[in-house]
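Asker:
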Amino acid sequence: MTDCVTGAVLAGGRSSRFGSDKTRAPWYGGTLTGSVVASLSSLLPGVLVIGKDPSVCAGLESPARFVRDESNDFHPIVGILAALKAAETDRVFVSACDMPLLSPEIVRALCEASPGYAAATPVWDGRSQPLCAVYSKECAGVLRLLLAEGRPVRELFDVVKTRFLSVGEILAADPSGNSFRDIDTPEDYASAKSVSRDA
144 MTDCVTGAVL AGGRSSRFGS DKTRAPWYGG TLTGSVVASL SSLLPGVLVI GKDPSVCAGL
204 ESPARFVRDE SNDFHPIVGI LAALKAAETD RVFVSACDMP LLSPEIVRAL CEASPGYAAA
264 TPVWDGRSQP LCAVYSKECA GVLRLLLAEG RPVRELFDVV KTRFLSVGEI LAADPSGNSF
324 RDIDTPEDYA SAKSVSRDA
């Protein structure tokens, strides 16, 4: 089922709380972005990097195609829409660039659960995870409406037919549950590096 899904890494945020451009933050010989691209490339036939600056792809060890996000808006929906438009497949697995602990098995589980649904997302700590989710092109209309109204991505899952991955399914794929750790601050970065070293 993974051969029918394109990967997309959103790398167009402001990094305001991080204090510098986290898309290029070092991560074990590469970058945060490169780590996520590598996780997706290990399973999916193609990976897109969505952002405002193509240099984010400089030095990536795994192949990826840069797609420019032309909007001045930093809302993640902008990146998701750009990915859906650029992808040659109907479905796209979307991740943020600051999730270097993303497990390929979580990606696989979501891709395999997604056929027959407009979207598929894990539910962790009682919340859906819109930046670790599969979207089909039929989501585009609802996403555009949410963007116009300034509403969060996760409201999509209340509107379209969505497959929710349970905690049990998540832990079967990623017993650590660390796939959803994102890096917003320098403290998050240090904590994620510590977890990665201990893994």
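Residue numbers (the working numbering): 144 to 342. Built from N, CA and C at the ideal position, the CB exists for glycine as well. In this text, all values refer to a predicted model and were calculated from it rather than measured experimentally.
#1: If you check the beta carbons only, do LYS228 and ALA261 fall under 8 Å apart?
#2: Are three or more beta carbon pairs between the segment 217-233 and the segment 168-186 nearer than 8 Å?
#3: Where do the ends of the beta strand (DSSP E) carrying THR328 lie?
#4: Taking the alpha carbon of ARG326 as the point to measure from, which residue in LEU175, CYS147, THR145 and GLY155 has its own alpha carbon closest?
#5: Below 8 Å between beta carbons: does that hold for ILE193 and ALA226?
#6: Would you check if there are 3 or more beta carbon pairs closer than 8 Å linking the segment 268-277 to the segment 202-216?
#7: Could you round the C-beta distance between VAL180 and SER205 to whole angstroms and report it? I think they count as a contact, below 8 Å.
#8: Alpha carbon to alpha carbon, how far is SER238 from GLU292?
#9: Taking the alpha carbon of ILE249 as the reference point, which residue from THR328, PRO197 and PHE307 has its own alpha carbon closest?
#10: Could you say which of LYS165, GLY259, THR145 and TRP170 lies nearest to GLY189 if we only look at CA atoms?
#11: Measure the C-alpha to C-alpha separation of GLU298 and LEU289 and round it to an integer number of angstroms.
Answerer: This is what the structure gives:
#1: no
#2: no
#3: Per DSSP, THR328 belongs to no beta strand (DSSP E) and is neither H nor E.
#4: Correcting the residue type first, residue 326 is Ile in the shown sequence and not Arg. Among LEU175, CYS147, THR145 and GLY155, the Cα nearest to that of ILE326 is on LEU175.
#5: yes
#6: no
#7: 5 Å
#8: 23 Å
#9: PHE307
#10: THR145
#11: 8 Å
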